[in-house]
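Inspection log for the structure reproduced underneath, given as structure tokens.
In the UniProt record's numbering, the protein residues as written are 1 to 156.
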């Protein structure tokens, strides 16, 4: 099992920093709707252990805000749990891996490894990457990017 884990990690790069960004619109454009639209689209930039960067766009705004709060150590006093908070209460997220592209689209997919309280073994789920990153951050879980996605992103 140790060997499989090492082989798996050989195809992954660990995320060492995450930044929440917004797209910069084309300021030369006279289309004000286009300027407003692009200024509101959050992006996630992942700095990887080898010094490279991986960029994900079209992040849901509410997820980007939650990620930014965690990264900035901003804690709100609210007795209501979000779905991410609830999941973090009932399980432990061991690892997040952004590892695939959804077929016939340009959307990424993440694999999340979790351990449920009181249940033996690990469970694996496919998730929307930005949501999985939020869960990973809430659980201090390592986040990885598949090297194969970097080469695809470099081609674009």
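Each residue gets a CB set at the ideal place from its N, CA and C atoms; glycine is no exception.
1. At the level of alpha carbons, what is the spacing between residue 74 and residue 137?
2. Hey, quick one: how far does the alpha helix (DSSP H) through residue 70 stretch, first residue to last?
3. Between which two residues does the alpha helix (DSSP H) harbouring residue 85 extend?
4. Please say whether residue 112 and residue 135 have beta carbons closer to each other than 8 Å?
5. Quick one: is residue 95 buried, meaning 16 or more other Cβ sit within 10 Å of its Cβ, or exposed?
6. Under three-state DSSP, which class holds residue 129?
7. Is residue 12 near residue 97, with beta carbons less than 8 Å apart?
8. Name the residue from 19, 129, 89 whose alpha carbon lies nearest to the alpha carbon of residue 53.
9. Between residue 114 and residue 141, what straight-line distance do the alpha-carbon atoms span, to the nearest angstrom?
10. Can you give, in chain order, each stretch of the alpha helix (DSSP H) that sits fully within the region 95 to 142 and has at least 4 residues?
11. To the nearest angstrom, how far is the alpha carbon of residue 50 from that of residue 131?
12. Is residue 146 helix, strand or coil by DSSP?
13. Identify, in the order they occur along the chain, each residue of the same chain with its Cβ nearer than 6 Å to the Cβ of residue 116, setting aside the five sequence neighbours on each side.
14. Do you know whose CA, among 62, 72, 105, lies nearest residue 84's CA?
15. Whose C-alpha, out of 58, 9, 46, is nearest the C-alpha of residue 22?
16. Please state the DSSP three-state secondary structure of residue 152.
Taking the definition as stated:
1. Translated into positions along the chain shown, residue 74 becomes position 74. Translated into positions along the chain shown, residue 137 becomes position 137. Rounded to whole angstroms, residue 74 to residue 137 spans 13 Å at the Cα level.
2. In the chain shown, counting from the first residue as 1, residue 70 sits at position 70. Segment 61 to 71, the alpha helix (DSSP H) holding residue 70.
3. For the purposes of this step, residue 85 is taken as the residue at position 85 of the chain shown. First-last of the alpha helix (DSSP H) with residue 85: 83 to 90.
4. As a working mapping, residue 135 is identified with position 135 in the chain shown. As a working mapping, residue 112 is identified with position 112 in the chain shown. Yes.
5. In the chain shown, residue 95 corresponds to position 95, counting from 1. Its Cβ being crowded by 16 or more others within 10 Å, residue 95 is buried.
6. Here residue 129 is taken as the residue at index 129 of the chain shown, counted from 1. In this structure, residue 129 counts as helix in the three-state DSSP scheme.
7. Here the question's residue 12 lines up with position 12 in the chain shown. Here the question's residue 97 lines up with position 97 in the chain shown. A contact, by the Cβ cut-off of 8 Å.
8. As a working note, residue 53 is residue 53 in the chain shown. Minimum Cα distance to residue 53 is reached at 19.
9. By one-based count along the chain shown, residue 114 stands at place 114. By one-based count along the chain shown, residue 141 stands at place 141. Rounded to the nearest angstrom, the two C-alpha atoms are 10 Å apart.
10. 129 to 138
11. Position 50 of the chain shown, counting from 1, holds the residue named residue 50. Position 131 of the chain shown, counting from 1, holds the residue named residue 131. Spanning the two alpha carbons is a distance of roughly 24 Å.
12. Your numbering for residue 146 matches position 146 in the chain shown. Reduced to three states, the DSSP call for residue 146 is strand.
13. The sequence position of residue 116 within the chain shown is 116, counting from 1. Cβ within range, chain order: 91.
14. By 1-based counting over the chain shown, the position of residue 84 is 84. Here the closest residue by C-alpha is 62.
15. Here residue 22 refers to the residue found at position 22 of the chain shown. Nearest C-alpha to residue 22: 58.
16. Translated into the one-based positions of the chain shown, residue 152 becomes position 152. Residue state, collapsed to three classes: helix.
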